[in-house]
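Residue numbers (this note's numbering): 821 to 1003.
Shown next as structure tokens:
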């Protein structure tokens, strides 16, 4: 039986890349999730106990997570729950992990910018062959913008949280209607 859950929390360790025995890319980090409750006697919000999860992301999600997330980021993780008992050196414990199917920043706490990576390689090939076509488009969206945004966000592993937006890389309102969507 596999249980799917969504956990909201704070990344407690720096995300790190791990190559599995089969050569599959994996990114792993620890996630702290504290339950908040309102204490009527003190009229304040207080933290309850903290649950710790090991989050594992694989393949393309692993690469995107490694490039986008950092320790201290508030995130949402959706995935399959895995609970395993362990024993080592006379000690026993339980490891609770989430095999991530989706991850993202918690937008209740800040803003972020998404640079779509799926399907970009195919679109980049014709632009490289015809540089004069890369200077403008009928929709007002510059084909160079994704590369400019990717270069700006890859400089810091935490993305652009709190950074000023680069207006040159943003599409006009009209071009958003014609943009291809993943759904």
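Note that beta-carbon positions come from the ideal geometry of N, C-alpha and C, so glycine has one too. Every value quoted in this text rests on a predicted model; they were computed, and no experiment measured them.
Asked                                                                                                                           : Found
Cut-off 6 Å between Cβ atoms - residues of its own chain near residue 977, not counting five sequence neighbours on either side : The predicted model places residue 977 with a pLDDT of 42, which falls under 50 and marks its position as unreliable; any figure quoted below should be read in that light. The answer, listed in chain order, is 890.
Interface flag, residue 890 vs chain C, CB-CB below 8 Å                                                                         : Given the protein chain composition of this structure (a single chain), no chain C is represented.
Residue 857 beta carbon less than 8 Å from that of residue 866                                                                  : yes
Candidates 863, 880, 888, 887, of which the one nearest residue 938 by Cα                                                       : 880
Beta-carbon spacing of residue 897, residue 826 below 8 Å                                                                       : yes
Cβ separation of residue 852 and residue 830, assumed to be a contact under 8 Å, to the nearest whole Å                         : 5 Å
Residue(s) in a DSSP beta bridge with residue 871                                                                               : 853
6 Å Cβ shell around residue 823 - same chain, five flanking residues per side excluded                                          : 901
For residue 855 and residue 931, the rounded distance between their alpha carbons                                               : 23 Å
Integer-rounded CB distance, given that residue 935 should sit under 8 Å from residue 882                                       : Incorrect: roughly 16 Å between the Cβ atoms, too far for contact.
Spatial distance of residue 844 from residue 912 (CA atoms)                                                                     : 29 Å
DSSP state of residue 825 mapped onto helix, strand, coil                                                                       : strand
Backbone CA spacing between residue 839 and residue 920 [nearest angstrom]                                                      : 16 Å
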